[in-house]
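Numbering (the numbering used here), first residue to last: 637 to 1072. Ideal placement from N, C-alpha and C gives every residue a C-beta, glycine not left out. No experiment lies behind these values; they were computed from the predicted model shown.
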Ligand code: ARG
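Here you go:
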């Protein structure tokens, strides 16, 4: 029987005094790491089962522990669990409740384990689930982009360089470019998930444990590919978190480019796109306005996505082996990036699916700005054998002439063009319209 004491019940054996209030505040992570309760309970059930399989605790003890943990899961799910900052984190909150429910035998759960390998295991499982969810959300957005591309496969718009009308393209081509970016983002999450899927459990505090544990069993039970091979690395590696944060930041960067285009396209000046009422907001003073707030927020979330990555990298810089409490700072950036990028992916899908593309303005944009000039130059190369530089020069003169006359390239007459290069034939008109 452990004697009643003033200090922390879970680790306070050698302590006489309670932590000060501020110490308790800076030390506690329960406000955010309670998000990992499912992973913590699952990890503990696997650990307890392994302990009993190995004869380290008895079968009956394991049954009591597992039943208690399942009961706690029910309590948390139904909102009947009291999380306490005095118990620091999710691990100790659950273990303490287990003791209340099943008594002293609860103390055996932590045999051959430390919170260091426990938290690393929970966090890897949580991040793995986050990868799966984001992979799914990316695919959903790709689905929406794909459907739009299909619908607009023949709708012509100007493609841009320097945000200046450059060459005619289709809307489908433009949208597909984002689908390709997202494909790489998805593959990065798949890759991140693959690399993180090794189990730290059994590393204990840092040096492993003298009990005859079965790390392969717990790794398999928790759907990891294998146990991590170095126990110091097991408890202190967080490159999986950094990598996850990069994957999220990169996805956010891609979405911010699309968001920026939606914002520009939704201006009356461009009017390429009209957002539905459910995906825009009004102004409290200017009644005519319809603002693309969701797109602006997707663009703005890049700030925190990038910040979270830098935050994590800064926490890790120069951190000596093995576990240090600095590592408790690893979770909030990961949770925040997950929440943010999930929202962005869903908002982008919703905005696009309900938007109306103004294909007439898009076509008009392609007809402004001599977007077929490059095609004209290529025609001169392919049909008259001009070196490209000369063709470029001739085309420049033709564009200038159209500009002076205030007409489009396909509205010039053959004689005018022949005045610049006498070998030009009527076939040239085949490439001068944007549809061609
Ligand atoms: N809440 C802690 C964390 O997130 C758990 C590990 C605590 N380990 C320790 N040695 N104090 O990192």
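### Query
From this set, 926, 895 and 810, which residue's C-alpha is nearest residue 998's C-alpha?
When 926, 895 and 810 are compared, the shortest CA-CA separation from residue 998 is found for 810.
### Task
Provide the residue span of the alpha helix (DSSP H) that contains residue 681, from first to last.
In the DSSP annotation of this structure, the continuous segment of the alpha helix (DSSP H) that includes residue 681 starts and ends at 673-689.
### Query
When the Cα atoms are used, what is the spatial distance from residue 836 to residue 748?
Taking the straight line joining both Cα atoms gives about 13 Å.
### Message
Under DSSP, the alpha helix (DSSP H) around residue 971 begins and ends at which residues?
### Response
Residue 971 -> alpha helix (DSSP H) spans 967-990.
#### Entry: Same chain, Cβ closer than 6 Å to residue 1005, neighbours up to 5 away in sequence not counted
Excluding sequence neighbours, residue 1005 sits near 801.
### Query
Mapping DSSP to helix, strand and coil, what is residue 805?
Secondary structure at residue 805: strand, using DSSP grouped into helix, strand and coil.
### Reduced DSSP secondary structure (H/G/I, E/B, other) of residue 924
Under the three-state reduction of DSSP output, residue 924 falls in the coil class, being neither helix nor strand.
### Query
Would residue 885 pass as a contact of residue 823 if the rule is Cβ separation under 7 Å?
Not in contact: residue 885 and residue 823 (Cβ atoms no closer than 7 Å).
### Message
Are there any heavy atoms of the ligand ARG lying less than 6 Å away from the beta-carbon of residue 755, as far as the coordinates show?
### Response
Remark: the shortest separation between the CB of residue 755 and any heavy atom of the ligand ARG falls under 6 Å.
### Query
Should residue 1007 and residue 803 be called a contact, given that it needs their Cβ atoms to be closer than 7 Å?
Result yes, Cβ atoms of residue 1007 and residue 803 sit closer than 7 Å.
### Query
Along the chain, where does the beta strand (DSSP E) that runs through residue 795 open and close?
Residue 795 -> beta strand (DSSP E) spans 792-797.
### Query
Per DSSP, residue 908 forms a beta bridge with which residues?
Under the DSSP definition of a beta bridge, residue 908 lacks any partner.
### Query
Residue range of the alpha helix (DSSP H) that residue 1032 falls in?
It spans 1024-1041 - the alpha helix (DSSP H) in which residue 1032 sits, taken as one unbroken run.
### Query
From the DSSP output, which residues share a beta bridge with residue 834?
Beta-bridge pairing by DSSP links residue 834 to 862.
### Query
Between which two residues does the alpha helix (DSSP H) harbouring residue 732 extend?
Segment 726-738, the alpha helix (DSSP H) holding residue 732.
### Query
Per DSSP, what kind of secondary structure is residue 887 in: helix, strand or coil?
Three-state result, residue 887: helix.
#### Entry: Three-state class that DSSP yields for residue 880 in the structure shown
It is helical.
### Query
What residues are listed by DSSP as bridge partners for residue 800?
Beta-bridge pairing links residue 800 to 797.
### Query
How many Å lie between residue 838 and residue 689 at the Cα?
The alpha-carbon atoms of residue 838 and residue 689 are separated by roughly 15 Å.
### Query
Going by C-alpha distance, which of 907, 955 and 898 is nearest residue 930?
The shortest Cα separation from residue 930 among 907, 955 and 898 belongs to 898.
### Task
Take the Cβ of residue 637 as the centre, count every other Cβ of all protein chains shown within 10 Å, and call the residue buried at 16 or more, exposed below.
With a pLDDT of 46 at residue 637, under the threshold of 50, the modelled position of that residue is not reliable, and no figure is offered here.
### Query
So the alpha helix (DSSP H) residue 1010 belongs to, where does it begin and stop?
The continuous alpha helix (DSSP H) containing residue 1010 extends over residues 1009-1020.
### Task
Could you have a look at residue 917 and say whether DSSP puts it in helix, strand or coil?
Residue state, collapsed to three classes: strand.
### Task
Would you decide whether residue 699 is buried or exposed? Buried here means 16 or more other CB atoms lie within 10 Å of its CB.
With fewer than 16 other Cβ atoms within 10 Å, it is exposed.
### Query
Relative to the C-alpha of residue 709, which residue among 672, 741 and 905 is closest?
If we check each option's Cα against that of residue 709, 672 comes out closest.
### Per-residue burial, residue 1040 [other beta carbons within 10 Å of its own, 16 or more giving buried]
With fewer than 16 Cβ atoms within 10 Å of its Cβ, residue 1040 is classed as exposed.
### Span separating the alpha-carbon of residue 817 from that of residue 996
When only Cα atoms are considered, residue 817 and residue 996 end up about 27 Å apart.
### Task
Throw me the rounded Cβ distance for the residue 594 and residue 1045 pair, which I believe falls under 8 Å.
Past the edges of the chain, shown from 637 to 1072, lies residue 594, and the structure says nothing about it.
### Task
Return the bridge partner residues of residue 993 from the DSSP annotation.
Beta-bridge pairing links residue 993 to 909.
### Query
CA-CA distance, residue 848 and residue 678?
Here the alpha carbons of residue 678 and residue 848 stand approximately 21 Å from one another.
### Message
Measuring alpha carbon to alpha carbon, tell me which residue in 834, 741, 933 and 790 is nearest residue 876.
### Response
Taking only the C-alpha atoms, the option nearest residue 876 is 834.
### Message
Quick check on DSSP: helix, strand or coil for residue 757?
### Response
Per DSSP, reduced to three states, the secondary structure at residue 757 is helical.
### Message
If I measure Cβ to Cβ from residue 854 and keep anything under 7 Å in the same chain, skipping five residues before and after, which residues do I get?
### Response
If we look at residue 854 and ignore the five residues flanking it on each side, its Cβ neighbours are 682, 683, 686, 835, 837 and 838.
### Query
Helix, strand or coil: which one does DSSP assign to residue 1073?
In the structure as shown, the chain starts at 637 and stops at 1072, and residue 1073 therefore has no counterpart that could be examined.
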